[in-house]
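Protein chains: 4
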Amino acid sequence: MTQVAPAAGAGRRGPSPDKTARTRRAIVAAALDVFLERGFSDARMIDVATRAGVAKGTLYLYFRDKEALFEGVLREMMADLVGALSPQGPAPGEPLRAFLRRVALPAFRGLEESRRAGLIRLVVTEGGRFPDVAAAYRRVVVDPVTGAIRRLAQEAVARGELSSDALVRFPLLLAAPGLTATIWNGLYGAEEPLDTGAVVEAFLDWVLPEVPPSDGR
Amino acid sequence: MTQVAPAAGAGRRGPSPDKTARTRRAIVAAALDVFLERGFSDARMIDVATRAGVAKGTLYLYFRDKEALFEGVLREMMADLVGALSPQGPAPGEPLRAFLRRVALPAFRGLEESRRAGLIRLVVTEGGRFPDVAAAYRRVVVDPVTGAIRRLAQEAVARGELSSDALVRFPLLLAAPGLTATIWNGLYGAEEPLDTGAVVEAFLDWVLPEVPPSDGR
Amino acid sequence: MTQVAPAAGAGRRGPSPDKTARTRRAIVAAALDVFLERGFSDARMIDVATRAGVAKGTLYLYFRDKEALFEGVLREMMADLVGALSPQGPAPGEPLRAFLRRVALPAFRGLEESRRAGLIRLVVTEGGRFPDVAAAYRRVVVDPVTGAIRRLAQEAVARGELSSDALVRFPLLLAAPGLTATIWNGLYGAEEPLDTGAVVEAFLDWVLPEVPPSDGR
Amino acid sequence: MTQVAPAAGAGRRGPSPDKTARTRRAIVAAALDVFLERGFSDARMIDVATRAGVAKGTLYLYFRDKEALFEGVLREMMADLVGALSPQGPAPGEPLRAFLRRVALPAFRGLEESRRAGLIRLVVTEGGRFPDVAAAYRRVVVDPVTGAIRRLAQEAVARGELSSDALVRFPLLLAAPGLTATIWNGLYGAEEPLDTGAVVEAFLDWVLPEVPPSDGR
DNA sequence: CATGAATGAGCTTTCATTCAT
DNA sequence: TATGAATGAAAGCTCATTCAT
Chain D
1 MTQVAPAAGA GRRGPSPDKT ARTRRAIVAA ALDVFLERGF SDARMIDVAT RAGVAKGTLY
61 LYFRDKEALF EGVLREMMAD LVGALSPQGP APGEPLRAFL RRVALPAFRG LEESRRAGLI
121 RLVVTEGGRF PDVAAAYRRV VVDPVTGAIR RLAQEAVARG ELSSDALVRF PLLLAAPGLT
181 ATIWNGLYGA EEPLDTGAVV EAFLDWVLPE VPPSDGR
Chain G
1 MTQVAPAAGA GRRGPSPDKT ARTRRAIVAA ALDVFLERGF SDARMIDVAT RAGVAKGTLY
61 LYFRDKEALF EGVLREMMAD LVGALSPQGP APGEPLRAFL RRVALPAFRG LEESRRAGLI
121 RLVVTEGGRF PDVAAAYRRV VVDPVTGAIR RLAQEAVARG ELSSDALVRF PLLLAAPGLT
181 ATIWNGLYGA EEPLDTGAVV EAFLDWVLPE VPPSDGR
Chain S
1 MTQVAPAAGA GRRGPSPDKT ARTRRAIVAA ALDVFLERGF SDARMIDVAT RAGVAKGTLY
61 LYFRDKEALF EGVLREMMAD LVGALSPQGP APGEPLRAFL RRVALPAFRG LEESRRAGLI
121 RLVVTEGGRF PDVAAAYRRV VVDPVTGAIR RLAQEAVARG ELSSDALVRF PLLLAAPGLT
181 ATIWNGLYGA EEPLDTGAVV EAFLDWVLPE VPPSDGR
Chain A
1 MTQVAPAAGA GRRGPSPDKT ARTRRAIVAA ALDVFLERGF SDARMIDVAT RAGVAKGTLY
61 LYFRDKEALF EGVLREMMAD LVGALSPQGP APGEPLRAFL RRVALPAFRG LEESRRAGLI
121 RLVVTEGGRF PDVAAAYRRV VVDPVTGAIR RLAQEAVARG ELSSDALVRF PLLLAAPGLT
181 ATIWNGLYGA EEPLDTGAVV EAFLDWVLPE VPPSDGR
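Protein chains in written order, with full-length UniProt numbering: chain D, 1 to 217; chain G, 1 to 217; chain S, 1 to 217; chain A, 1 to 217.
Structure (structure tokens):
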């Protein structure tokens with residue numbers, strides 16, 4: 001009667017215990033591929049199914065329709081992002097530049113290798129026609145990140161590290177280089193890929209002052 | 001403007017004089033609207049035709065197919081852009097910051113009001129699946145602009161106005177804030193529009209040093 | 001400028017003038033066949049199209065969807081019925097029995113040969129799940145007919161021709177034999193067809209009194 | 001009713017004693033509901049299963065396919081009917097009118113409350129496409145009833161109670177009012193229900209002569 | 001040049017049926 | 001016996017494209 005760990009062959013009528021989880025993951029992964037390659041409208045359910053190794057109908061056991069599949073894929077990817085955006089703060093006394101090099105740079109570096117760059121491009125290209133998707137992305141990614149940037153910038157201004165309040169007013173300025181490089185790679189990455197990490201690093205080094213040897217002298 | 005009688009002696013009956021040019025312009029304008037609203041795949045030829053005030057079949061007298069219409073529209077818009085990107089250089093002795101405020105800022109300011117913001121978003125969203133479009137945009141817009149930025153940056157570095165070579169290595173850093181704001185407006189502009197000009201201005205003021213009163217002595 | 005009768009080859013751009021009317025009729029006729037044979041759910045649009053000699057898509061130029069086609073077919077058939085139910089009243093002094101033999105009998109006689117029997121069966125079998133269809137049939141056919149019957153019955157009662165008010169209370173009693181025979185033919189007509197006219201005639205002769213030689217003596 | 005322990009000595013483990021009979025009844029009852037609500041084609045097996053409280057696959061342990069389930073349901077209902085159509089004859093000397101009021105009227109009165117009205121409508125609406133169903137209904141219901149009516153009518157004619165042979169030639173005339181009212185209720189019963197018993201009663205009173213006080217002398 | 005009825009490939013979605021557990 | 005995840009044939013509907021007028 002007690003829920004025993006799936007003893008082989010014991011109770012559990014019907015299909016296997018966690019096979020469905022595997023199937024779902026396969027569908028989501030396949031769908032991400034297809035949506036990235038063709039965009040929402042041009043993606044064909046049959047291609048998703050084939051790539052996931054399931055039949056067409058199976059998709060509809062997991063997602064009500066194509067739109068739900070699309071949003072499901074994005075939501076799944078965003079969940080990953082949330083982990084990557086762990087709420088680390090700067091170490092005490094750590095200057096902004098050092099902190100961003102330590103925290104933001106690695107996030108941008110892995111962007112293309114992980115599928116996150118693709119996710120961003122997907123949101124950018126399809127978000128206009130999927131308000132729900134855009135809103136979810138904003139809630140999960142944009143607002144937390146810009147909020148954190150604004151807070152950091154305010155502190156840096158207060159400490160005199162930043163002479164301009166530009167970042168306080170427009171936190172997305174800090175994300176702009178990485179986003180722009182990501183979009184470049186979507187358009188021209190095949191023939192002339194851009195190293196997003198290098199772009200962001202050059203940007204940080206350019207616009208954030210090297211902290212003067214902290215002693216006042 | 002007045003309906004001119006068929007030029008005597010020409011004997012041409014139906015084929016009007018420049019009516020076709022007007023029709024073509026109407027189609028292109030209508031198509032731009034529709035593509036901006038729905039993207040390439042979701043745009044319907046019948047909508048383009050209706051908005052242009054012609055019949056479906058007429059579209060095919062001007063463009064071989066939907067794809068040709070799409071590329072034709074973008075090419076037309078880019079031709080307009082070429083004019084807007086007049087090859088102005090800085091006045092002799094004009095610092096980078098002053099020059100960019102004078103030249104770049106107005107270009108970004110009118111972005112949303114003109115159709116250029118829409119064009120940019122269209123290239124960003126559809127360029128991945130229309131290599132020709134992306135390549136044309138690069139040839140017409142991206143390369144000239146980044147080339148100019150790089151030259152300006154090199155001179156500024158040489159003059160000691162810029163201490164970093166970031167802009168020389170990645171000229172798109174200068175375009176990133178405007179592009180990012182434009183994308184924001186595509187996603188969230190309806191509920192929270194962003195003033196692209198203000199973003200770019202804040203960026204320029206932040207990252208470009210106020211030239212020290214170059215000591216006129 | 002004035003709308004000239006379609007002079008051959010004159011103005012009139014595009015397809016022919018009344019070809020569309022022919023196409024529409026072909027579709028409606030084909031659809032009636034298919035709906036009669038298979039019912040609404042089992043009828044396939046491709047079958048309707050094929051039988052009408054057009055392509056699938058053509059159906060949707062004339063009817064928004066399958067349901068609209070179904071209702072269109074019924075409405076078209078009902079229009080015929082309205083003609084058959086011309087509002088004839090009894091001749092002055094004509095007894096009910098004579099009047100009904102003169103007017104109602106022929107209507108029932110041609111039921112099976114015309115497509116009206118099929119229409120009735122269609123309404124009976126599909127009306128439950130198409131409230132609009134049932135309501136339209138009621139408005140166009142049922143209510144006018146029962147209204148007329150009720151009026152006739154009231155007069156007959158007043159004249160002493162009918163001793164019962166059954167027909168006044170339930171006019172459908174007069175239609176019941178014809179309807180029942182029609183349903184029989186839908187179920188068993190293939191192996192044992194029933195002559196609806198004969199059934200109705202036997203019924204009228206049974207239940208309506210032969211008028212006594214009109215002089216009071 | 002009580003869950004009997006597997007009969008000692010039988011040794012049968014899983015296969016329960018009469019549980020299968022209960023399951024079968026549940027399936028049939030659920031299927032009747034669903035078929036009545038949606039008709040054969042639009043009925044979904046999953047709905048039948050859910051309503052019966054079993055899994056989809058279980059249905060197929062009891063019925064080969066949807067069609068078999070449909071026919072099984074109707075056959076089951078007809079078996080019930082056979083009981084309700086007890087072969088009662090008129091009491092000696094009982095006039096036709098009195099007999100029909102005593103026997104037929106109650107049968108029609110309970111029609112809508114029992115599921116029999118639904119069964120009739122199901123046969124009427126689906127019988128055309130299920131010849132087996134129509135034939136079974138005819139064998140079980142129609143032929144016995146019309147046979148009885150014909151016999152009764154013949155005797156009534158012989159006794160001089162009926163002056164017309166209409167009922168002898170077309171016994172379904174007697175069933176027509178009840179059938180017509182039942183169909184009415186299928187189409188318009190929601191907004192304007194018709195009392196089938198009242199209709200039949202009015203009909204009987206109208207068309208069957210009150211027997212003259214047979215002169216007891 | 002212009003029209004718009006007609007076409008049919010192509011796509012999404014449903015659901016009866018199967019079968020490993 | 002019972003389950004329900006998986007299957008895939010089928011059907012409705014759309015829309016780019018054609019072509020007779």
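Using N, Cα and C, we set each Cβ at its ideal position, and we do this for glycine too.
Figure out for me which residue from G/T146, G/L179, G/V133, G/I183 has the closest Cα to the Cα of G/L167. Per the Cα distances, G/T146.
Sorted by chain position, which residues of the same chain lie with C-beta nearer than 6 Å to residue 246 of chain G's C-beta, five sequence neighbours on each side aside? No answer is possible for residue 246 of chain G: the residues shown for chain G start at 1 and end at 217.
Distance, Cα to Cα, G/V141 vs D/V48? 36 Å
With 8 Å set as the bound, which would you pick, yes or no: does the beta-carbon of A/P209 sit closer than that to a beta-carbon of chain S? no
For S/V124 and A/V124, the rounded distance between their alpha carbons: 8 Å
Any idea if G/L32 is buried or exposed, counting beta-carbon neighbours within 10 angstroms, 16 or more meaning buried? If you draw a 10 Å sphere on the C-beta of G/L32, you find 16 or more other C-beta atoms in it, and that means buried.
Determine the chain S residues that contact A/T196 at a beta-carbon separation under 9 Å, and present them in chain order. Chain S residues near A/T196: none, gap ~10 Å exceeds 9 Å.
Excluding the 5 residues preceding and the 5 following S/W184 in the sequence, name in chain order all residues of the same chain whose CB lies nearer than 8 Å to its CB. L194
Say whether chain G places a C-beta atom closer than 8 Å to the C-beta of D/R75. no
Helix, strand or coil: how does DSSP classify G/L100 here? helix
How far does the alpha helix (DSSP H) with S/V199 in it reach, from first residue to last? 196 to 207
Euclidean distance between Cα positions of D/S164 and D/D80: 33 Å
Closer than 8 Å is the cut-off here; do at least three beta carbon pairs connect the segment 99 to 113 of chain S with the segment 194 to 205 of chain S? yes
Delimiting residues of the alpha helix (DSSP H) encompassing A/R51: Per DSSP, the unbroken alpha helix (DSSP H) holding A/R51 starts and ends at 45 to 52.
Is there contact between the segment 107 to 118 of chain S and the segment 60 to 75 of chain S, where contact requires at least three CB pairs shorter than 8 Å? Contact between the segment 107 to 118 of chain S and the segment 60 to 75 of chain S is absent: fewer than three C-beta pairs spanning the two stretches fall below 8 Å.
Residue burial classification, A/E192 (beta-carbon count within 10 angstroms, cutoff 16): exposed
Just how far apart, CA to CA, sit G/G197 and G/A190? The straight-line gap separating the alpha-carbon atoms of G/G197 and G/A190 is approximately 17 Å.
Starting from the C-beta of S/Y137, find all residues in its chain whose C-beta is less than 8 Å away, skip the five residues before and the five after it, and write them out in chain order. The residues are L74, M78, V123, G127.
So which residues of chain G does D/S114 contact, with C-beta pairs closer than 8 Å? Within chain G, no residue comes near D/S114; the closest Cβ sits about 18 Å away, beyond 8 Å.
Inter-residue Cα distance where the pair is S/T20 and S/M45: Linking S/T20 to S/M45 through their CA atoms gives a straight-line distance of about 19 Å.
Pick from A/A98, A/G186, A/E37, A/R22 that is closest to A/Y62, judged by C-alpha positions: A/R22
Extent of the continuous alpha helix (DSSP H) to which D/R116 belongs: 116 to 126
Quick one, which residues of the segment 111 to 145 of chain S are near chain A if we go by CB-CB under 7 Å, in chain order? V124, T125, G127, G128, R129, A134, R138
Which whole-angstrom value is the C-beta distance of D/A43 and D/V34, which I expect to be below 8 Å? Going by Cβ atoms, the distance from D/A43 to D/V34 rounds to 5 Å, so yes, they are a contact pair.
Of all the CB atoms in chain D, is at least one closer than 8 Å to the CB of G/L173? yes
Measuring only the C-alpha atoms, how far is G/F170 from G/P131? 22 Å
So which of S/E210, S/I120, S/G160, S/R159 has the shortest CA-CA distance to S/A175? Cα-wise, what sits closest to S/A175 is S/I120.
Just checking: is the beta-carbon of A/L187 within a distance shorter than 8 Å of some beta-carbon in chain S? yes
Within 8 Å (strictly less), CB to CB, does D/V199 reach chain G? yes
The alpha helix (DSSP H) enclosing S/G57, as first and last residue numbers: S/G57 -> alpha helix (DSSP H) spans 56 to 62.
Just tell me which of G/A117, G/P95, G/R38 has its CA closest to the CA of G/G178. G/A117
Note down, in chain order, each residue of its chain lying with its Cβ closer than 7 Å to the Cβ of A/A181, except the 5 sequence neighbours on either side. L194, T196, V199
A/G89, buried or exposed, once every other Cβ within 10 Å from all chains shown has been counted against 16: exposed
Taking the alpha helix (DSSP H) that G/D132 falls in, what are its first and last residues? In the DSSP annotation of this structure, the continuous segment of the alpha helix (DSSP H) that includes G/D132 starts and ends at 131 to 137.
Could you tell me if G/A158 is buried or exposed, where buried requires 16 or more neighbouring beta carbons within 10 angstroms of its beta carbon? exposed
For D/E71 and D/L59, the rounded distance between their alpha carbons: Near 14 Å, if we compare the C-alpha coordinates of D/E71 and D/L59.
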